[in-house]
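Step one of this worksheet: look at the structure below.
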Amino acid sequence: MALDRRMLLHFDWTVFTTTIALGSVGLLSVLSATWSGEHHAIDPLVVRQLIWIGVGVVLMTAAALFDYRALNSYAYAFYAVTLGLLILVAVAGQSTGGSRRWINLGFLKLEPSELAKLAVVLVVVHCLREEPPRGGWRAHQMLLPAVLVAIPVGLVLKQPDLGTALILLIITATLVFVGGLNWRTMAALIIGAVMAAPIGWHYLKPYQRERLVSFVNPQSDPLGAGYHIIQSEIAIGSGGAWGKGIFQGTQARLNFLPEQTTDFIFAVYAEEFGFAGSMLLLGLYAVLIARGTWIARHARDRFGSLLAVGVSGIIFWQVAINIGMATGMLPVVGITLPLVSYGGSSLIAMMAAAGVLISINMRRYLF
Amino acid sequence: MARLSPARKTRPVPRLEPRIIALTFLVGAILTATAIRLYYLQIIKHHELSQLADRNRIRIQRLPALRGLVYDVHHRPLVDTRPSFDAVMVPEDAPDLGRTVNRLEQLLGEDGAAKRLEDAQEQGRPEFEPVTVEERLNWQQVVTLETHQLELPGVSLQVNPQRHYIYGPLASHLLGYVGEVTMKDLARLPDYRMGDEIGKFGLERAWEGTLRGDSGGQEIEVDAVGRRLRMLREIPERPGDSIIMTIDLDLQRVAEEAIGNRAGALVALDPNTGYVLALASHPAFDPNLFAGGITAAQWRALVTDPTHPLENRAIQGAYPPGSTFKIVDSIAALSDRVLTPQTAYYCPGGMYYGGREYRCWRKQGHGTISVHRAIIESCDVFFYNVGQRLGVDRLAAWAHALGLGQKTGIELDNERSGVIPSSQWKWRRYRERWYPAETLSVAIGQGYVAVTPLQLAELAAEIANGGIFYQPQFVKEVDSIDGTPVKVFPPIIRSRVHIAPAVLDQVRSAMVGVVNAPNGTAHAARLDNVIVAGKTGTAQVIKEAQGVRVKENEGPEKYRDHAWFMAFAPVDHPRIAVACIIEHGGHGGSAAGPVVKAVMQEFFMKNPPQGSSGQITQESRDKRPAVALSDDTDRNDMHEQFDTQTE
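Chains as they are written, first to last, in numbering that gives the first Met the number 0: chain A, 0 to 366; chain B, 0 to 646.
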């Protein structure tokens, strides 16, 4: 591929540095969440996270240099591989806590649902890359992307992983909205979704229902389902303006928080770094997402623009839902905090996605 | 940079732009909402959530202070604290809980453990919090648990301090007992917590503040499952101070043994200080029953016992003083010059007053009699006349001045004041005027008059020391745990009544005669080496028609008279004053006299009289010419009376 001087000049340092900054915040949080007051030893988890950040930076750079337009032709291939992995998980996945989510590769516990986020973005963007007809896309024209999204959503729900399924649906909705869906179709979809909610409730697992109930009223069962929400709020709130300081968060240290390195990592971080730290983290995300939408608006083609929207959307929705959950604004669903939560699959997928953003920005002057 | 770029004009995505901008606004709105939520939690609710975080992790464990010990006047321990063993269990540590509990119940021979565990679970026991499954194990059970430790994972022994009354029921009314605080106590005592021990009765209650000390505490950090991680802060407890009582253990023991299984009370005071040397009340109870929790059945048995073992008769028993009151008559009448030592009345064995006959205890009468012999032989008719001439109000004024009919102020709860009637008192109480005939009953210590044994001991002490009413005290010193004195309690003069020395001499010499003269009513209390002065009394239990008196040792016991004896010794330099009552004992001299004698004997054995000749020294004979045995020796005609007959 041609490496133009202009292209290198437009290497997006904003995306690159905020991504690495977020990864560092994540590393620090994982270090703190796994820190044992007794041994003062660095947990192997931290070392692994550091390695994945390193791998992620390499991948991000590679993705940045790779011409994103080629992704258009690889969309179905990438989608097919991801589907295959999801099926493999359903058949031979490793189960923890009642859900099958990983394929053990030895060096990495691959979580295909993280790849599914990128695959769905790619395949939906592929479907929407042409200009829509006047008045926007009609419902029947959206049938193909609907089916393409429904398959991984079904497989992910089967694991069960409600959080990822939710993210897949929301990101699809975001792309279809930006991609030019007909207003009337959109209204019909929203009404239909609201009407379908009771039916969806019927299909939820009992523990998922409990989470929803306890979200509405955490005190209804403070030792059961509401426990996590209450403990997370206590952790975040007790951090105060400046936080308790690194390794000083008692809520995390004494195991009052669940899933400290993944879903509730924000609570660990906010307890120790306070409101100031929370704002810093939120600010980094805001910069990354704003830059992503800016790239979307300034991309050289429709495919690149939609791809930038998709990547920014993945990051944004996960941040919003994860922090919303940790602060008690949303029910508890298992969604990682992108670039911060522990997990190789998630980290690599998100850093690669950031690389795609850089790639789109670098190539907006190339004709 | 981007704004100035020419590419802006030829942007390929103009149709996407409005919706991307709309999306950007949505993103901004949601991120702003998140920031506001974080501000709310971390800034506004910070304080509250911080407290919740601390409550999550910090458990406060109190360390109750060791209760102070109690010693007798010679620093011999009376009350201490001993280890008591409880069986506790952490159910999480037992892999097969059901089997362990079964084995535990089998080994203890009790089957409450399973229920205790269930109850604790229901009350929301945190994980790894031990449950007390059996309290106050006996030695056998402790040994059994120790030897079968391996079969009982999760079970351990917990040592708790338990109050121990070394001599059981000895001085139980004075020492009192401890028990668990009640909800009512908790409401008014902020320093106490559920399960704390508190003094409930006697010295334990009155000196609670001294004995208790200050409990300490530990702040312990626990993790989410309640496991202890480390101690954050410790406030050490301050053990309670020890109390050195004025009580002499030997004297107390002799007093209680002498009362034996009869109901009654004895108070021995140091007339020069008001210190209580012994204070006994029978029947007694074993305060060890209360330490660590009394069972409902044991408690019910104690409170429904018709002999009222929980009542401290020395301060709560108000009895008619009987003939001991004639001492008050004599002091009042001699002081107010109603009577001279020579004033004589004729006793034919009774007298008529207001159309009724008032009899003397001696049917055949005492003949012509003056105050000295009237006290020695306890002539009723003589004092009927004295009472009549004095009038009830003057008599009451003297009795009050001597401290009768009012609380002595001893530091024990529920002290009774007793009654010294007067015309005013009767009007207040019954809205009735005083009938002069009633004065006759009062004069011989019957009718409305009621005094406590402690008041009578104070009376004896006043006569001994010349009219000083010392506040009765039973605590001499408070020491810290290492034995350094914290506070000493000097004698306190509560009041002083002026009694002319001549009057005192008159009364004292008559009281010496009561004990030492052959015709005295308390010959049984005589000591060989010390001259004892005393006065007997017999208090009627039922208001029988005058003249139909029940003979002592006859009739059902509950109708028999109460026997009184008050005394002090040695008469020239008194060092002990005693009052004793034996309920339904019959005659004062023969029932209460020997008890007082035993106490005095013990006292003078340990504190030998100076110049232990047993005779009155020349010096004292000169000072108090009236105190002389010779006065009585010529009245041998009464000899056969005092041992066998009533007064």
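A virtual CB, placed ideally from N, CA and C, is assigned to each residue, including glycine.
Values in this document were obtained by computation on a predicted structure and should not be read as measured data.
Per DSSP, the beta bridge partners of B:Cys-346 are B:Gly-366. Membership of A:Ser-345 in any beta strand (DSSP E) is not indicated; the residue belongs instead to the alpha helix (DSSP H) covering 343 to 361. In this structure, A:Phe-274 and B:Ile-42 form a Cβ contact; the two beta carbons are roughly 6 angstroms apart against a cut-off of 8 angstroms. Between A:Val-318 and A:Tyr-284 a beta carbon distance of about 5 angstroms is seen, short of the 8 angstroms cut, so the two are scored as contacting. In this structure, B:Ala-499 sits away from B:Ala-532, with a CB-CB distance that is not shorter than 8 angstroms.
Nearest to A:Ala-295 by alpha-carbon distance, out of A:Val-286, A:Tyr-268 and A:Leu-356, is A:Leu-356.
Positions of the alpha helix (DSSP H) runs, each at least 4 residues long and wholly inside the region 191 to 275 of chain B, are given as 201 to 205, 207 to 211 and 248 to 258 in order along the chain. One finds Val-26 in chain B with Cβ atoms closer than 7 angstroms to the Cβ of A:Phe-315, taken in chain order. Under the DSSP assignment, B:Trp-397 falls in the alpha helix (DSSP H) whose first and last residues are 391 to 400. A:Lys-157 sits in a helix when the DSSP states are folded into three classes.
Nearest in C-alpha terms to A:Val-146, of all of A:Leu-87, A:Gly-179, A:Thr-171 and A:Ile-166, is A:Thr-171. Contact with chain B is found for A:Leu-253, since one of that chain's Cβ atoms lies less than 8 angstroms from the residue's Cβ. Contact check for A:Glu-271 against A:Gln-247 passes: the beta carbons are separated by less than 8 angstroms. In the DSSP assignment, the residues bridged to B:Ser-280 are B:Ala-264. Looking at the DSSP output, B:Leu-62 sits in a beta bridge with B:Gly-215.
Taking the Cα of B:Gly-466 as reference, the smallest distance to any Cα among B:Trp-397, B:Gly-153, B:Arg-432 and B:His-522 is reached at B:Trp-397. Nearest in C-alpha terms to A:Leu-256, of all of A:Leu-305, A:Arg-137 and A:Thr-326, is A:Thr-326. With respect to the 8 angstroms criterion, B:Ile-197 and B:Val-180 are classified as neighbours on the basis of their beta carbons. The beta-bridge partner set that DSSP reports for A:Trp-136 consists of A:Leu-180. When the Cα atoms are used, A:Trp-51 and B:Leu-65 turn out to be separated by approximately 60 angstroms.
Taking a cut-off of 8 angstroms for Cβ pairs, the region 112 to 120 of chain A and the region 152 to 161 of chain A touch, as three or more such pairs fall below it. Nearest Cα to B:Leu-248 within the set B:Pro-607, B:Pro-608, B:Val-598 and B:Gln-609: B:Val-598. Taking 8 angstroms as the Cβ-Cβ cut-off, the region 37 to 48 of chain B approaches chain A at Leu-37, Tyr-38, Leu-40, Gln-41, Ile-42, Lys-44, His-45, Glu-47 and Leu-48, given in chain order.
Beta-bridge pairing by DSSP links A:Asn-254 to no other residue.
Following the DSSP letters along the chain, one finds B:Ile-580 inside the beta strand (DSSP E) bounded by residues 575 to 581.
Using a 10 angstroms sphere on the CB of A:Met-194, the tally of other CB atoms stays under 16, which defines it as exposed. The residue among B:Arg-58, B:Arg-312, B:Leu-188 and B:Gln-120 with its C-alpha nearest the C-alpha of B:Leu-265 is B:Arg-312. Under the three-state reduction of DSSP, A:Ile-245 is assigned to coil, being neither helix nor strand. Burial state of B:Phe-381 is buried, judged by a 10 Å Cβ sphere holding 16 or more other Cβ atoms. In the assembly as shown, B:Gln-423 is an exposed residue. Its beta-carbon has fewer than 16 other beta-carbons within 10 Å. Per the C-alpha coordinates, the member of B:Gly-153, B:Leu-68 and B:Ser-83 positioned closest to B:Pro-94 is B:Gly-153. For B:Tyr-70, DSSP records a beta bridge to B:Pro-76 and B:Ile-243. In the three-state reduction of the DSSP assignment, B:Thr-537 falls in the strand class, which pools E and B. Using beta-carbon distances, B:Ala-34 counts as an interface residue toward chain A, with a partner under 8 angstroms. The beta carbon of A:Ile-322 sits closer than 8 angstroms to some beta carbon of chain B. Counting only Cβ-Cβ distances below 7 angstroms, A:Arg-290 has no contacts in chain B at all, with the closest Cβ about 11 angstroms away.
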